[in-house]
Amino acid sequence: MRHPLLILVVIFFSLSCDKNEDDCEKPQRCELTPEAGPCYAMLSKYYYNAVSGQCEEFIYGGCEGVVPFETLEACHECECDKRLE
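Converting from the sequence shown to the numbering used here requires adding 24 to each position, the first position being numbered 1.
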């Protein structure tokens, strides 16, 4: 009778300690959609593309708009799956 209980306890702890992509907490700005804005400065900025799972460059006009990340390095905090490997 004790063995089935022991097996269940071991299985429970094994599953609760399993690392997966859901364990990575992504910052809210990883979900922002980039917007170039109305100006014409043509500055390289970055955003996280959830479909491709990668950081990508976009051209920012220099005013207003939405810039999720100033640098590619800063954007990499959204790539949880690569950090867990």
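We put the beta carbon where it would ideally sit given N, CA and C, even for glycine.
Can you check whether the CB of residue j is closer than 7 Å to the CB of residue i?
i, j, result
"glycine 86", "leucine 56", "no"
"cysteine 7", "cysteine 104", "Because the chain here runs from 25 to 109, residue 7 falls outside it and cannot be looked at."
DSSP state of residue i, grouped into three classes?
i, result
"leucine 67", "strand"
"cysteine 79", "strand"
"glutamate 55", "helix"
Can you say whether residue i is buried or exposed, counting buried as having 16 or more other CB atoms within 10 angstroms of its CB?
i, result
"cysteine 92", "Note that residue 92 is proline in the sequence shown here, rather than cysteine. With 16 or more Cβ atoms within 10 Å of its Cβ, proline 92 is classed as buried."
"glutamate 97", "exposed"
"glutamate 58", "The sequence as given places proline at residue 58; glutamate does not occur at that position. With 16 or more other Cβ atoms within 10 Å, it is buried."
"cysteine 102", "buried"
Report the option in the options whose CA atom is closest to the CA atom of residue i.
i, options, result
"glutamate 80", "Lys50, Cys99 and Glu88", "Cys99"
"alanine 111", "Gln52, Lys50 and Tyr71", "No answer is possible for residue 111: the residues shown for the chain start at 25 and end at 109."
"isoleucine 83", "Lys50, Ser76 and Lys69", "Lys69"
"glycine 89", "Ala65, Thr95, Gln78 and Gln52", "Ala65"
Compute every distance between the C-beta of residue i and the non-hydrogen atoms of the ligand FAD, then say whether any falls below 6 Å.
i, result
"lysine 50", "Absence of the ligand FAD is noted for the structure shown, with no ligands found whatsoever."
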